[in-house]
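Residue numbers (this note's numbering), protein chains in the order written: chain A, 353 to 603; chain B, 13 to 303.
Ideal Cβ positions, reconstructed from N, Cα and C, are used throughout, including at glycine.
This one's a predicted model, so the numbers in the text were calculated from it and none came from an experiment.
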């Protein structure tokens, strides 16, 4: 049944640091690589070398620009987005076949691809765009939190994290149990003021985002002091230059 | 939302088909024999044809049977279960009328309620989605039911009922549009809440990919404002105004048939707008005002 579990033993998820992310898309590439070769149907591409390339990805990095109200410097924020493994996952309850489910033991939201009819309703129900239907396989694909890595005893301990976390060169992605208030990820969220995406949608996402720290202001005491050096040194023009100036003005 | 022809065809035809079954189940018109056969044939072609059309957009139609299992949580599953129940009960009721010339009113009433239930389930698939603020309202099931009943009355030749139900559906349609135009703004979901970024104006700077993707194809359909207004006028004109005029005109069968066809064309236009104008909040991540 696609009913959600009342409670999950653990809430495994990601914490994404928007202050640290450099927007390199390495997480996108490693995610596509791992998930094409492992759990479920491969992530296909359509016309990868053609005029209109497109493909299935479980993780995508947007970039946003903020112009602060207080006149500070405009800031560019790279914004990786994948399934947030919501506690009240609307994608699970709408599924007519029971293919979508949320695991009671760790809270991971998964798709049983052999039950998926590819109706697309779960993708409609997700406010985050975390589900993409594969155009070649006709089944719904989504982040599995690398369920085939994190418990995989054939891998060395340091590799038992999602591929995106393992690969991030800026250490902007953290993985852990967000249901345990003493876990590293929960402490990080508490210290840095981690927040939910679209809290008004009532999905209670497990994944959290850490806000970017404000950048230096353009109007510091130092820059104000420098402004005096930028006063024009030449006064009113005289002679030939003054005549040329007036002549050009009249044109 | 992308206006998929299969889904527009499905909701338009099956809505009218189940609307007709409601009237037949209630005994309007009280027909038997060959006449009953023709009425039931029309209702089943529309209802079943619509259901079949809806399977065309599935990635794996061969697994469609699995969709009957999750009726406890999923409106889509409920729609499947209730529609099959309605069709089976109405088949028994219809067989009684056609072959035995005998009406079983209890069976008919159960079939009529199940037929109404099917339209309600279809509407709830959309009305449950908080991600599409334009759809998330109790007015959505009211609109679907009003249109299905008006179409059913037309097809069942119930002129007096149609003359009440058609204008009623028109009013609900207008209310639904008026509310819908402000729904996204009122939902409180913005690019700022979607990204959690604040302290200033947030603007989409660069999308994650240079090409298109499933999300943009499925959710980011945009329709021009003026274009939409014209289609709304066409939907109301063909769906409500022209059928009412035709029903008031002299003559019986020809104007009634024209009224039914005009109404179905109008509902199809309204249904196209239902999808094309619906803004999914994921569009915000791509810097669109939904759409």
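Within this structure, are the beta carbons of residue i and residue j separated by less than 8 Å?
i: residue 552 of chain A; j: residue 205 of chain B; result: yes
i: residue 219 of chain B; j: residue 430 of chain A; result: no
i: residue 517 of chain A; j: residue 393 of chain A; result: no
i: residue 597 of chain A; j: residue 586 of chain A; result: no
i: residue 298 of chain B; j: residue 196 of chain B; result: no
i: residue 460 of chain A; j: residue 513 of chain A; result: no
i: residue 361 of chain A; j: residue 458 of chain A; result: yes
i: residue 21 of chain B; j: residue 62 of chain B; result: yes
i: residue 67 of chain B; j: residue 450 of chain A; result: no
i: residue 141 of chain B; j: residue 202 of chain B; result: no
i: residue 247 of chain B; j: residue 281 of chain B; result: yes
i: residue 87 of chain B; j: residue 133 of chain B; result: yes
Which value, in whole angstroms, describes the spacing of the CA atoms of residue i and residue j?
i: residue 238 of chain B; j: residue 537 of chain A; result: 50 Å
i: residue 566 of chain A; j: residue 539 of chain A; result: 21 Å
i: residue 454 of chain A; j: residue 233 of chain B; result: 30 Å
i: residue 283 of chain B; j: residue 24 of chain B; result: 7 Å
i: residue 580 of chain A; j: residue 209 of chain B; result: 35 Å
i: residue 494 of chain A; j: residue 532 of chain A; result: 25 Å
i: residue 519 of chain A; j: residue 366 of chain A; result: 14 Å
i: residue 129 of chain B; j: residue 163 of chain B; result: 16 Å
i: residue 417 of chain A; j: residue 406 of chain A; result: 25 Å
i: residue 444 of chain A; j: residue 131 of chain B; result: 23 Å
i: residue 243 of chain B; j: residue 452 of chain A; result: 37 Å
i: residue 40 of chain B; j: residue 16 of chain B; result: 34 Å
i: residue 235 of chain B; j: residue 107 of chain B; result: 46 Å
i: residue 278 of chain B; j: residue 252 of chain B; result: 8 Å
i: residue 74 of chain B; j: residue 466 of chain A; result: 11 Å
i: residue 303 of chain B; j: residue 358 of chain A; result: Any reading at residue 303 of chain B needs caution, since the residue's pLDDT is 38, under 50, leaving its predicted position unreliable; the model's value is listed next. Rounded to whole angstroms, residue 303 of chain B to residue 358 of chain A spans 34 Å at the Cα level.
i: residue 124 of chain B; j: residue 69 of chain B; result: 28 Å
i: residue 369 of chain A; j: residue 524 of chain A; result: 5 Å
Would you mind giving the Cβ-Cβ distance between residue i and residue j, rounded to the nearest angstrom? I have them listed as a contact below 8 Å.
i: residue 475 of chain A; j: residue 484 of chain A; result: 7 Å
i: residue 13 of chain B; j: residue 231 of chain B; result: 6 Å
i: residue 363 of chain A; j: residue 529 of chain A; result: 6 Å
i: residue 408 of chain A; j: residue 85 of chain B; result: Their Cβ separation, rounded to whole angstroms, is 26 Å, which puts residue 408 of chain A and residue 85 of chain B out of contact at 8 Å.
i: residue 94 of chain B; j: residue 126 of chain B; result: 6 Å
i: residue 104 of chain B; j: residue 48 of chain B; result: That pair is no contact at about 13 Å.
i: residue 113 of chain B; j: residue 45 of chain B; result: 6 Å
By DSSP, does residue i sit in helix, in strand, or in coil?
i: residue 434 of chain A; result: strand
i: residue 302 of chain B; result: Here the model assigns residue 302 of chain B a pLDDT of 44, short of 50, so the residue's position is not dependable, and the following value carries that caveat. Residue state, collapsed to three classes: coil.
i: residue 414 of chain A; result: strand
i: residue 452 of chain A; result: strand
i: residue 385 of chain A; result: helix
i: residue 536 of chain A; result: helix
i: residue 560 of chain A; result: strand
i: residue 591 of chain A; result: helix
i: residue 421 of chain A; result: coil
i: residue 368 of chain A; result: strand
i: residue 567 of chain A; result: coil
i: residue 440 of chain A; result: coil
i: residue 68 of chain B; result: coil
i: residue 242 of chain B; result: helix
Which residues in chain B have a C-beta closer than 8 Å to the C-beta of residue i? List them in chain order.
i: residue 437 of chain A; result: Correct list: empty, because the minimum Cβ distance to chain B is about 17 Å.
i: residue 496 of chain A; result: Near residue 496 of chain A there are no residues of chain B at all, since even the closest Cβ is about 17 Å away, more than 8 Å.
i: residue 355 of chain A; result: 84, 85
i: residue 469 of chain A; result: 70, 71, 72, 73, 75, 76, 78, 79
i: residue 369 of chain A; result: Under the 8 Å cutoff, chain B gives no residues; its nearest Cβ is about 12 Å from residue 369 of chain A.
i: residue 450 of chain A; result: 78, 81, 82
Please list, in chain order, the chain A residues whose beta carbon lies closer than 7 Å to that of residue i.
i: residue 200 of chain B; result: 552
Which residues of chain B have a Cβ atom closer than 7 Å to the Cβ of residue i, listed in chain order?
i: residue 475 of chain A; result: 230
i: residue 447 of chain A; result: 82, 86
i: residue 547 of chain A; result: 208
i: residue 592 of chain A; result: Simply none; closest approach about 48 Å.
i: residue 401 of chain A; result: Those do not exist, as residue 401 of chain A stays about 12 Å from chain B at its closest Cβ, beyond 7 Å.
i: residue 485 of chain A; result: 71, 226
i: residue 454 of chain A; result: Residues of chain B passing the Cβ test: none, with the nearest at roughly 12 Å.
For a contact meaning CB atoms closer than 9 Å, what does residue i contact in chain A?
i: residue 141 of chain B; result: 442, 446, 473, 476, 477
i: residue 216 of chain B; result: 414, 415, 416, 417
i: residue 192 of chain B; result: Those within 9 Å of residue 192 of chain B in chain A number zero; the least Cβ separation is about 17 Å.
Just to make sure I have the definition right: I need the residues of chain A whose C-beta is within less than 8 Å of the C-beta of residue i. Which are they?
i: residue 293 of chain B; result: 479, 550, 553
i: residue 224 of chain B; result: 404, 406
Examine chain C for any beta-carbon lying closer than 8 Å to the beta-carbon of residue i, and answer yes or no.
i: residue 404 of chain A; result: In the structure shown, chain C does not exist; the protein chains are A and B.
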